Amino acid sequence: MSDRYLIAGLGNPGKEYGSTRHNVGFMVIDHLAERLHVSLHAGKGEYRLSDPAPIARGTREVVLLKPLTYMNNSGVAVREVAQYFKFELRHMLIILDDFQLPFGTLRIRAKGSDGGQKGLRSIIQHLGTNEFARLRLGIGNELNQNATHFVLSHFSKAERQALPGLVEKAANAALDFCAHGASYAMNHYNVKSGDL
Numbered sequence: 008m009s010d011r012y013l014i015a016g017l018g019n020p021g022k023e024y025g026s027t028r029h030n031v032g033f034m035v036i037d038h039l040a041e042r043l044h045v046s047l048h049a050g051k052g053e054y055r056l057s058d059p060a061p062i063a064r065g066t067r068e069v070v071l072l073k074p075l076t077y078m079n080n081s082g083v084a085v086r087e088v089a090q091y092f093k094f095e096l097r098h099m100l101i102i103l104d105d106f107q108l109p110f111g112t113l114r115i116r117a118k119g120s121d122g123g124q125k126g127l128r129s130i131i132q133h134l135g136t137n138e139f140a141r142l143r144l145g146i147g148n149e150l151n152q153n154a155t156h157f158v159l160s161h162f163s164k165a166e167r168q169a170l171p172g173l174v175e176k177a178a179n180a181a182l183d184f185c186a187h188g189a190s191y192a193m194n195h196y197n198v199k200s201g202d203l
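For the sequence shown, the numbering used here begins at 8 and goes up steadily by one.
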C-alpha cells in the first residue's frame, strides 16, 4: 500500500528506563497506540510494532514501532520493519529526544544529520541514508549536566506536569506528518516550548 506510514519512537527497553528523558519517543508511541486503538505486539526481531491502523479518515495507514535493541542500535529494528513493509523513505518518521533543545520544543526535519543522537545515527547507518523525517522533542539540559547521565535521568516535577501536553502535541505532529506531509508538519509544529 503506497499510503502506509511508519512512525518509530526511540527509547530503551526495561522498566528502569520507562520514565526517563531518553524514552520520550516510546511515550509518544504508547500515546498514539492508545489513541488509534491498537496494541503493540512482539515482532520477528527485537522490536514491538502495531498492525497497520487507519488514519486520515481511512485514506492512509500507519504502523507504530518501538525498537527494543536499546537506543544506540535502533537502526537494526527500523531497517527490518522498513524492508518488510517496503516503506518509502518519505513515509517514515522517527521520534526521539534531543537534550540540545529546550524542554517542550518540537523540531521536525524532512532529512539531515544525526545531530549527535546515537539512535538516529544507528538508523542512518542501517538505512544507508539520512533522507527520512525525524521529530525531535526537546528535553532540555539547562544545567549542562553529563549528557549520558542527563538523558537517563527522570523528568523534574515541573517537567512531569508538562509532559502530557508535550506528548500530545508530538502525537498530533506525527499524525499530521502522515496526513499532510513534512512541510505542513514543520510549518505547524516547529515551535518553542513557550508556545505549547
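The C-beta atom is built at its ideal place from N, Cα and C for all residues, glycine as well.
Just so it is clear, the structure is predicted and the values come from calculations on it, not from any experiment.
query                                                                                                                                                       : result
Tell me whether Gly21 is buried or exposed, calling it buried when 16 or more other Cβ atoms sit within 10 Å of its Cβ.                                     : exposed
Within its chain, find whatever has a CB closer than 7 Å to the CB of Gln166; leave out the 5 residues flanking it on each side and keep chain order.       : For the sequence presented, residue 166 should be read as Glu rather than Gln. Only Phe110 meet the Cβ criterion.
Does DSSP put Pro171 in a helix, a strand or coil?                                                                                                          : helix
Cβ atoms of Glu87 and Arg11: under 8 Å apart, would you say?                                                                                                : no
Measuring CB to CB, does Ala178 end up less than 8 Å from His38?                                                                                            : yes
For Ser129, does the count of other Cβ atoms within 10 angstroms reach 16, so buried, or fall short, so exposed?                                            : buried
Using C-beta distances below 6 Å, list every residue in its chain close to Gln132, excluding the 5 sequence neighbours before and after it, in chain order. : Gly82
If we count the other Cβ atoms within 10 Å of its Cβ and call it buried at 16 or more, is Pro171 buried or exposed?                                         : exposed
Mind checking which residues open and close the alpha helix (DSSP H) that includes Leu108?                                                                  : That residue, Leu108, is in no alpha helix (DSSP H); it is neither H nor E in DSSP.
Tell me the DSSP bridge mates of Pro61?                                                                                                                     : Glu68
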